[in-house]
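In the numbering used here, the protein residues as written are 125 to 368.
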């Protein structure tokens, strides 16, 4: 990641459009990988497997809401941003409702980023601390957090959006590569044939992907996914500057 950050960080960005919009020259496939990577964090990387271990795979059904949201954002919101030439999500609010609305929304975004980003940095720092120091303590977490923040700030500040997107691609490759590697490793490690492994998982209802119950108290019921999951993803994909 560090090497990739240095390699794909432009040494000079000449204009504001190039810095904030990467000059409008990012390929569609690369932008898609960047969005997927930006919506995943240390919380997803560590929390997803933990949820699957403790429960089942119904959390994967949240992708249904994400897909519906992606269609909505691509059809209705993104064309609006391009038509008005908005550099940021909140610039659209400024054009429509005035600068007070833009500043208020931007301020709320920054507060949310501090809270959410701080949590994700902390979770990532736990893994980095184990790699660097083989232990988790207050001092080790602090050092690991500083390493993450300084490196991320460095290539983002210098290279702008282009640097962020290319590094998102590296993260995306790591996510997919690690998932495949773990699957192969576990398949080779468990002393049982594949049919027996899948049968044991089926008996414990671990492989369930969809929860068709109508209760909204369950976080990944189909009703919760289509309603709350879709609205959450619309806000994430189309109204959150971090991913939009």
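Every residue, glycine too, gets a C-beta built ideally from N, C-alpha and C. Because the structure is a prediction, the values reported are computed rather than measured.
Asked: Beta-carbon spacing of residue 285, residue 143 below 8 Å; Found: yes
Asked: Segment contact flag, the region 146–160 with the region 309–327, C-beta cutoff 8 Å, min 3 pairs; Found: no
Asked: Cα-Cα separation, residue 150 to residue 341; Found: 41 Å
Asked: Counted within 10 angstroms of its Cβ, other Cβ atoms place residue 238 as buried (16 or more) or exposed; Found: exposed
Asked: Test item: CB-CB of residue 289 and residue 190 under 8 Å; Found: no
Asked: Close Cβ partners of residue 181 (< 8 Å) along its chain, the five nearest in sequence each way excluded; Found: 330, 331, 332, 333
Asked: contact_flag[the region 237–253, the region 261–278] where n(CB pairs < 8 Å) is 3 or more; Found: yes
Asked: Heavy atom of the ligand FMN within 7 Å of residue 214 beta-carbon; Found: In terms of ligand content, the structure shown is empty, and the ligand FMN therefore cannot be addressed.
Asked: Simplified DSSP assignment, three categories, for residue 345; Found: strand
Asked: Rounded straight-line distance, which links the Cα of residue 196 to that of residue 163; Found: 17 Å
Asked: Boundaries of the alpha helix (DSSP H) in which residue 232 is found, first to last residue; Found: 223–257
Asked: Through-space distance from residue 323 to residue 371, alpha-carbon basis; Found: As shown, the chain starts at 125 and ends at 368. That puts residue 371 outside it, with no answer to give.
Asked: Chain-order list of residues whose beta-carbon lies under 8 Å from that of residue 226 (same chain, five-residue window excluded); Found: 214, 215, 217, 218
Asked: Alpha-carbon spacing of residue 252 relative to residue 309, whole angstroms; Found: 22 Å
Asked: Alpha-carbon to alpha-carbon, residue 348 and residue 187; Found: 12 Å
Asked: Beta-carbon proximity of residue 357 to residue 193, cut-off 8 Å; Found: yes
Asked: Residues near residue 328 by beta carbon distance below 8 Å, same chain, minus five either side; Found: none
Asked: Runs of alpha helix (DSSP H) wholly within the region 179–216 (minimum 4 residues, chain order); Found: 186–196, 202–208
Asked: Cα-Cα separation between residue 282 and residue 319, rounded to whole angstroms; Found: 52 Å
Asked: Neighbour-count burial assignment, residue 258, 16 or more Cβ in a 10 Å radius; Found: exposed
Asked: One or two residues paired with residue 335 in a DSSP bridge; Found: 345
Asked: Of the residues 360, 199, 230, 198, the one placed nearest residue 212, counting alpha carbons only; Found: 230
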